[in-house]
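Presented below is the structure to which this report refers.
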Amino acid sequence: MKIEKTEILIIGAGPAGSVAAALLRQQGRQVLILEREQFPRFSIGESLLPQSMEYIEAAGLLQDVVEAGFQYKNGAAFVRGERSTEFDFRDKFSPGWGTTYQVQRADFDHVLAKGAERMGAEVRYRHEVLAAMPGEVPQVTVRSPEGEEYIIQADFMLDASGFGRLLPRLLKLESPSNFPVRGAIFTHVRDHIPADAGFDRNKILITTHPEHVDVWYWTIPFSNGCCSLGVVAEPAFLERYRGGEMERLQAIVGEDPNLTRLLKNAEWGVLPVRQITGYSANVKSLWGPGYALLGNAGEFLDPVFSSGVTIAFKSAQLASACLQRKYAGETVDWERDFAIPLRDGVQTFRRFVEAWYQGGFQKIIFHPDPQPDIRAMICSILAGYAWDKRNPYVAETERRLRVLEQLCAG
Ligand code: FAD
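Residue 271 in full-length UniProt numbering is what sits at position 271 of the sequence shown, and the numbering runs on without skipping anything.
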């Protein structure tokens with residue numbers, strides 16, 4: 001079998017892979033990305049957080065993203081029955097970007113991958129990694145679009161295979177998520193929401209089901225007059241609805257009066273309606289000899305706070321900083337310098353996700369008389385600044401959130 005060599009091999013050209021590639025190219029590394037699909041390709045995960053802009057900028061990809069014409073986003077709106085509240089991310093506690101975009105991932109991921117290519121990374125589409133061997137000289141077996149198999153050997157390998165979870169599966173690194181299994185049914189609709197309907201296209205809308213606190217909908221407007229629309233619930237709830245996926249999604253959306261009003265003129269069928277179940281995942285270790293896991297190939301929590309792409313970028317940034325030190329001849333402690341700092345922020349998101357599904361976080365955000373300084377700190381987390389330890393809700397997430405939940409419970 002033919003053997004090729006590269007310095008850094010990246011599996012997957014999603015957000016984690018492309019941003020890692022761009023950062024590593026800035027260091028002058030030779031980077032090869034193997035991507036099993038042809039881009040552009042559909043992916044879910046369309047609402048970005050302002051924190052993610054810092055990584056896009058650091059990777060040299062800001063102009064590519066800005067010029068792509070995605071929907072501007074400055075916050076999040078939450079509705080449950082008669083109650084509603086809005087967070088403008090520019091009111092956050094942490095310094096840094098307060099705005100971002102809502103993106104069709106087919107286009108966004110392609111923009112990032114083309115940006116990485118422009119910076120000198122090689123991207124091979126429709127090259128699927130079939131097998132991987134970690135070690136001092138990690139290597140993978142690849143199938144080309146023509147069906148030929150070949151081997152790549154690298155100095156280091158980054159698994160950015162997302163929900164493909166290549167190395168976790170091959171190396172038996174999978175460990176169960178501590179969240180219950182949930183599923184999502186989603187699509188894109190041409191929404192035709194009238195300008196006077198009280199719907200802010202610059203914000204993601206998160207709607208809690210009127211009767212079930214752990215069932216929620218997303219409405220993510222795009223710049224082309226369409227919205228991404230989805231519902232998240234435990235499988236037992238989703239299975240109660242009969243018919244095809246479109247009928248089931250329409251029936252569940254029909255249970256919320258505000259969404260029904262907003263979407264009364266919506267055209268369906270822009271994209272097929274899809275269902276995905278059991279996406280939360282974890283691993284025993286985020287790194288090993290000659291490799292590290294980025295983005296969803298490591299841990300995926302839950303979609304409710306739109307944190308997935310931000311975490312994917314953060315993992316790319318931490319891994320590329322470790323590799324820079326490795327090539328400078330320093331000893332890298334991947335646990336101390338990659339896994340622990342990454343998991344710090346993930347842990348903050350995790351606690352917020354738990355509080356969301358238990359209902360405590362919803363009591364906090366819908367509280368009629370919030371304290372502005374605390375709201376700014378909560379806003380920071382919603383904007384993705386989950387690694388900013390100056391924020392007491394990051395430094396002491398568990399204790400602070402518990403106290404706040406108790407205060408708002410009455
Ligand atoms: P991916 O984007 O999955 O990219 C992985 C790439 O690897 C793919 O292109 C794939 O084709 C390729 N690949 C896989 N296996 C192989 C192989 N063997 N060989 C070669 N290539 C391979 N996140 C947000 O930030 N905002 C949101 O609003 C949001 N909403 C979500 C809603 C739902 C219902 C779900 C489930 C997730 C949501 N997410 C959201 C999370 C988001 O989808 C992911 O966190 C994000 O896509 C992770 O990026 P990634 O680069 O790690 O992986």
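We put the beta carbon where it would ideally sit given N, CA and C, even for glycine.
Note that the coordinates shown come from a computational prediction; the quantities given were computed from them, not determined experimentally.
- Listed in chain order, the beta strand (DSSP E) elements of length 3 or more contained wholly in the stretch 219-293 are 226-233, 274-277, 291-293.
- Short note on ASN296: C-beta closer than 7 angstroms to some heavy atom of the ligand FAD.
- In this structure the stretch 73-84 touches the stretch 193-210; the number of beta carbon pairs closer than 8 angstroms is three or more.
- As for any alpha helix (DSSP H) of minimum length 4 sitting wholly inside the stretch 72-158, the runs are 105-118, ordered along the chain.
- In summary, MET1 is exposed, with fewer than 16 beta-carbon neighbours lying within 10 Å of its beta-carbon over all protein chains present.
- Out of ILE185, LYS264, VAL270, the CA that lies nearest to the CA of ARG248 is found in ILE185.
- In this structure, the straight-line span from the alpha carbon of ILE381 to that of GLU146 is close to 46 angstroms.
- With respect to the C-alpha of VAL123, the residue from ALA292, PHE70, ARG25, GLY329 having the closest C-alpha is ARG25.
- Counting along the chain, the unbroken alpha helix (DSSP H) around ILE365 starts and ends at 360-365.
- The ligand FAD has a heavy atom closer than 7 angstroms to the beta-carbon of PHE300.
- The continuous stretches of beta strand (DSSP E) do not include ALA312, which lies in the alpha helix (DSSP H) extending over residues 308-327.
- Inter-segment contact for the stretch 137-152 and the stretch 302-312 is absent: fewer than three beta-carbon pairs are separated by less than 8 angstroms.
- A direct Cα-Cα distance of roughly 30 angstroms separates TRP334 from MET377.
- In this structure, DSSP gives ILE193 a state outside helix and strand, which the three-state scheme calls coil.
- Not one heavy atom of the ligand FAD is found less than 7 angstroms from the C-beta of GLU122.
- With contacts defined by Cβ atoms closer than 8 angstroms, ALA297 and LEU166 form a contacting pair.
- The Cβ-Cβ distance between ILE276 and GLY164 does not fall below 8 angstroms.
- Between the alpha carbons of GLU255 and ILE220 lies a gap of roughly 19 angstroms.
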